[in-house]
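K.L.:
Read in order, the letters of the sequence shown are residues 1447 to 1766 in the working numbering. Ideal Cβ positions, reconstructed from N, Cα and C, are used throughout, including at glycine. Sharing a structure below in structure tokens format, with a few things to ask.
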Amino acid sequence: MYTLAKLREKIKLKGGFVNSHAHFDRAYTATSIEFEEDTVNAHLFDKWEYVNQFKSTASEDKYYQHIYQAVKTQVNMGVVAGLSFIDCDQVSEDRALKAALRVREEWKNKFSLKIACQTLKGVLQPEAKRWFFDHAHQFDVIGGLPKKDLGQESEHIDTLLEVAKSNGQLVHVHVDQLNCDSEKETELLARRVMHHGMEGKVTAVHSISLAAHPKPYRDMVYQMSLDAGLSFVSCPTAWIDHRRSEKMSVTHNAITPIDEMVPLGLTVAIGSDNICDVYKPFSDGDMMTELRFLLEATHFYNVDDLVDIATVNGRKIIGL
Ligand SMILES: [Zn+2]
């Protein structure tokens, strides 16, 4: 019997929702007066710069309010744990990190908050590198965004893996976000994980572009991911809006191809990604909405697997 109520009940029985990927430090920034409406239509790369405007002026208390509100709203929606990327670079400095640590302590009895460094400035340029190396140990998880070191994606990933390896940390990396077959970042990540002997410790966030490749390539990357113990976080509403393109590719929805991954034994979890910010002003962080988008966009109706994706897989992937 398939009912939404039954699905919800099973998720509760397995401990409740886990939001495996979010950016709580900029949640609800779209509701503030500093937010200009035009910015929601900008390209992803321009939005990375718009975020700078908020970051450069936000005090630790301002960050605290945003992160606090995000966690409080998550708890009200039945989410019991989550991993939030937190900016820590020359623009935000360590104000968001300090705020996140305060919120984590305050909510520890109701919400297990794990934090990852966002590395929005990359990790290779001198100033960004300094911020990364000085603060990496304060995070639960090393986070990465290889596109921010364009042309040096491999070196970016190597830096993350080396630091995580020496600190005994997990690694979550934003890869293959642009839904096009010119991106091969999931493959690159799997290769570097095996090179560094970090099997089972690394998670690919998004991997949308994988779905744009022909089947032989997808199968090769799935096999490589199994060998690397690479797990995945899908953030369904974050990329389902991917814009129409005249470029020819395999027909697919702009979402992590979990319908192919899960039957092969790859571990998949879900995240909300952006909540009510410049990227997603109408996203409210409701994990049931994310799960429904995931199952509809991939035609994936295995209830037990969906429950695991929403709960225990998330716990494993974020290190609980
Ligand atoms: Zn993200």
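Less than 7 Å between C-beta atoms, sequence neighbours within five positions excluded: which residues of the same chain meet that for K1611?
P.N.:
Closer than 7 Å at Cβ, skipping near neighbours: H1642 and M1644.
K.L.:
Ignoring anything shorter than 3 residues, give me the beta strand (DSSP E) runs that lie fully in the region 1630-1671, in order along the chain.
P.N.:
Runs found: 1648-1652.
K.L.:
Okay, do the region 1670-1686 and the region 1646-1658 touch, 3+ Cβ pairs below 8 Å being the bar?
P.N.:
Cβ pair count under 8 Å is three or more, so yes.
K.L.:
Once DSSP output is grouped into helix, strand and coil, what is the label at S1691?
P.N.:
Correct three-state label for S1691: coil.
K.L.:
Are the beta-carbon atoms of A1468 and A1516 separated by less than 9 Å?
P.N.:
Yes, Cβ-Cβ distance for A1468 and A1516 is below 9 Å.
K.L.:
Taking only the alpha-carbon atoms, compute the straight-line gap between V1537 and A1545 and give it to the nearest angstrom.
P.N.:
Near 15 Å, if we compare the C-alpha coordinates of A1545 and V1537.
K.L.:
Please report how far the alpha carbon of Y1510 lies from the alpha carbon of W1577, in whole angstroms.
P.N.:
Approximately 20 Å, taken between the alpha carbons.
K.L.:
Among the residues of its own chain, which have a CB less than 6 Å from the CB of E1633, if the five just before and after it don't count?
P.N.:
Closer than 6 Å at Cβ, skipping near neighbours: V1667.
K.L.:
Relative to ligand 1, is the shortest distance from any of its heavy atoms to the C-beta of H1469 smaller than 8 Å?
P.N.:
H1469 Cβ: within cutoff of ligand 1.
K.L.:
Can you give the Cα-Cα distance for I1603 and E1455, rounded to whole angstroms?
P.N.:
Roughly 39 Å separates the two Cα atoms.
K.L.:
Would you please state the rounded distance, in angstroms, between the beta carbons of V1619 and A1650? I believe it to be under 8 Å.
P.N.:
6 Å between Cβ atoms; contact.
K.L.:
In three-state DSSP terms, what is H1602?
P.N.:
Residue state, collapsed to three classes: helix.
K.L.:
For E1539 and E1599, I'd like the C-alpha separation in whole angstroms.
P.N.:
Their backbone Cα atoms lie some 23 Å apart in a straight line.
K.L.:
To the nearest whole angstrom, what separates the beta carbons of I1763 and A1715, a pair I think is in contact under 8 Å?
P.N.:
The pair is a contact, with the Cβ atoms about 5 Å apart (cut-off 8 Å).
K.L.:
Going by DSSP, name the residue or residues bridged to N1465.
P.N.:
Its beta-bridge partners are G1528.
K.L.:
The alpha helix (DSSP H) spanning K1456 covers which residue range?
P.N.:
Here the alpha helix (DSSP H) through K1456 covers L1450 to L1459.
K.L.:
Suppose you measure from the CA of R1761 to the CA of R1689; what does that come to, to the nearest Å?
P.N.:
Each residue's Cα considered, the two are about 32 Å apart.
K.L.:
What whole-angstrom Cβ distance do R1541 and D1723 have, given they're in contact under 8 Å?
P.N.:
With 8 Å as the limit, R1541 and D1723 do not qualify as a contact, their Cβ atoms being about 17 Å apart.
K.L.:
Helix or strand or just coil, what does DSSP make of I1701?
P.N.:
Coil.
K.L.:
Can you tell me the Cα-Cα spacing of N1720 and S1680, whole angstroms?
P.N.:
N1720 and S1680: Cα-Cα distance of roughly 13 Å.
K.L.:
Do F1531 and Q1499 have their beta-carbon atoms positioned less than 9 Å apart in this structure?
P.N.:
Cβ distance not < 9 Å, so Q1499 and F1531 don't count as in contact.
K.L.:
Thinking C-alpha only, which one of K1460, L1596, Q1584 and H1581 is nearest L1570?
P.N.:
Nearest C-alpha to L1570: L1596.
K.L.:
In whole angstroms, give me the CA-to-CA distance for Q1615 and S1628.
P.N.:
Cα to Cα, Q1615 sits roughly 30 Å from S1628.
K.L.:
Do F1531 and ligand 1 come close, with the Cβ less than 8 Å from some heavy atom?
P.N.:
F1531: yes, Cβ under 8 Å from ligand 1.
K.L.:
Verify whether the separation of the beta carbon atoms of V1464 and V1549 is less than 9 Å.
P.N.:
Cβ atoms of V1464 and V1549: not closer than 9 Å.
K.L.:
Name the residue from D1586, E1495, H1512 and T1757 whose alpha carbon lies nearest to the alpha carbon of T1713.
P.N.:
The shortest C-alpha separation from T1713 is found at T1757.
K.L.:
In angstroms with no decimal places, state the Cα-to-Cα distance between A1751 and V1708.
P.N.:
Going by the sequence as given, residue 1751 is Asp instead of Ala. So the two alpha carbons sit approximately 8 Å from each other.
K.L.:
In three-state terms, what does DSSP make of H1745?
P.N.:
Three-state result, H1745: coil.
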